Amino acid sequence: MRTISLLLIFLLFAGCKKETDRCSQYGWIDINSVRYMGKTPASSQGAGGVFYDVYTTFATSCYSLNRLVETRQADTILIKAEYIYNSCATCTQSSSVQSKTYSFITATPGTYYLKWEGIPSRVDTVHIP
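Under the working numbering, the residue at position 43 of the sequence shown is numbered 348, and the numbers go up by one with no gaps.
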């Protein structure tokens, strides 16, 4: 009897599945501006790094800046901004500027070049001693 009860419980939970989020949609948005914030001292995690505030502009309040994603190719790093759009929310139709802090921290000393998606003319040269 106990085995049958456990088997029924197992089958009950196996039939359950997590609902998908039908309100959230993700995409990419251009970065409008970047502000250098400073350096971090060398630590046990790496040789050091730098910080930037990254700004994007959205047309409505349904959008928000979700995260910053970096793509590394040798010593060049491309930073992109990912947004999240909430299609189930009531939104205001006013533009808003949002920001996130980007931290570039590496364990390998050297010279790196940071490029920002949406600002093609800007390349920040970062030297990590």
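From the three backbone atoms N, C-alpha and C, an ideal C-beta is built for every residue, glycine too. These numbers come from a predicted model, not from an experiment.
For the candidate residues the options, whose alpha-carbon lies nearest to that of residue i?
i, options, result
"A364", "Q403, E422, Y418, R327", "Q403"
"P414", "R372, P434, I424", "P434"
"I389", "V339, T361, S399", "T361"
"A412", "N337, R327, V339, G353", "G353"
"P425", "S338, E387, N391", "S338"
Who are the near neighbours of residue i in its chain, counting only those whose CB is closer than 8 Å to its CB and skipping five residues on each side?
i, result
"M342", "V355, F356, Y357, D358, T406"
"P346", "G353"
Roughly how many angstroms lie between the CA atoms of residue i and residue j, to the nearest whole one?
i, j, result
"V374", "K344", "20 Å"
"T381", "E422", "13 Å"
"I336", "R372", "12 Å"
"V431", "L419", "8 Å"
"Y368", "T376", "23 Å"
"D429", "S366", "31 Å"
"F409", "L383", "11 Å"
"R427", "Y331", "25 Å"
"L370", "K385", "11 Å"
Quick one: is residue i buried, meaning 16 or more other Cβ sit within 10 Å of its Cβ, or exposed?
i, result
"Y417", "buried"
"W333", "exposed"
"A379", "exposed"
Can you list, in chain order, the residues of its chain with a C-beta nearer than 7 Å to that of residue i? Leave out the 5 residues immediately preceding and following it.
i, result
"S400", "T362, F363, A364"
"N391", "C328, S329, C367"
Just confirm the distance between the C-beta atoms of residue i and residue j, as a whole number of angstroms; I'd bet it's less than 8 Å.
i, j, result
"C328", "C396", "Not quite, the Cβ-Cβ distance comes to about 12 Å (not below 8 Å), so this is no contact."
Leaving out five residues before and five after residue i in sequence, what residues of the same chain have Cβ atoms less than 6 Å from its Cβ?
i, result
"R256", "Coverage of the chain is limited to positions 306 through 434, which leaves residue 256 absent and any answer about it impossible."
"Q266", "An answer regarding residue 266 cannot be provided, because it is not within the stretch 306 to 434 covered by the chain."
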